[in-house]
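Notes to accompany the following structure.
Numbering (the numbering used here), first residue to last: 3 to 175.
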C-alpha cells in the first residue's frame with residue numbers, strides 16, 4: 003500500500019517474518035500526520051533516519067490540540083533529546099546523552115514506552131538496555147494516538163512497529 007499527500011509518503015512493507023511494518027517519509031518541516039491508534043499498546047519501537055529533530059507526538063485523539071507529550075529525538079541540532087508535556091502546563095525534561103541522539107544517514111532505533119505513571123524513551127531495540135529519559139505522568143489523561151513530524155529543514159524516515167526489529171531497515175533506504 004502506498005499513500006501520498008504533499009510531502010509525505012507511507013509504504014507498508016512486508017517484513018521477513020510475515021508481519022507488517024511501515025516506513026513513513028516526511029519532508030522538511032512537516033506538521034503532525036500519520037496518526038496511529040496505540041490504545042491497546044504500551045510501547046512502540048521506532049527507527050528514525052535523518053540528521054536531526056525526529057518528533058513523535060502522543061495524543062488523546064486525532065485532533066492536534068489533544069497533544070499530551072511531544073518526544074523530540076535529536077533536537078536542537080541533534081544535541082538534545084527531550085520529552086515535553088503540553089497539558090496542563092508546558093514543561094520538559096531532556097538529556098544530552100549521545101546514545102539518545104540520531105545517527106545521520108542511518109536508521110536509529112528507540113523504544114518509546116508509556117504506562118499509567120510514566121513515559122520514556124530508550125535507545126536501541128531492547129527495552130531494558132541503555133540510558134533512559136522519562137517523565138512521570140498524570141494517569142487521568144489517556145494516550146490513544148501516536149503521530150510524527152519533522153522539526154526543521156531535515157527530511158526524516160520513520161520505521162514503525164515492534165516487528166521491524168527483525169528487519170534490516172537500511173535496505174528500505
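We put the CB at the ideal spot given by N, CA and C, even for glycine.
| Item | Value |
| --- | --- |
| Simplified DSSP assignment, three categories, for residue 114 | strand |
| Three-state class that DSSP yields for residue 32 in the structure shown | coil |
| Inside the region 40-113 only - beta strand (DSSP E) runs reaching at least 3 residues | 45-51, 56-61, 69-76, 82-87, 93-97 |
| Bounding residues of the beta strand (DSSP E) (the contiguous stretch that carries residue 151) | 147-152 |
| Where the beta strand (DSSP E) containing residue 136 begins and where it ends | 135-138 |
| Separation of residue 136 from residue 87, as counted between CA atoms | 11 angstroms |
| Test item: CB-CB of residue 109 and residue 50 under 8 angstroms | yes |
| Whole-Å CB distance - residue 40 paired with residue 75, under 8 angstroms assumed | Contact flag wrong, Cβ pair sits at about 17 angstroms. |
| Alpha-carbon to alpha-carbon, residue 143 and residue 64 | 14 angstroms |
| Collapsed DSSP secondary structure at residue 119 in the structure displayed | coil |
| Own chain, CB closer than 8 angstroms to residue 95, minus 5 neighbours either side, in chain order | 84, 85, 135, 136, 137 |
| Integer Cβ distance of residue 126 from residue 111, believed to fall under 8 angstroms | 6 angstroms |
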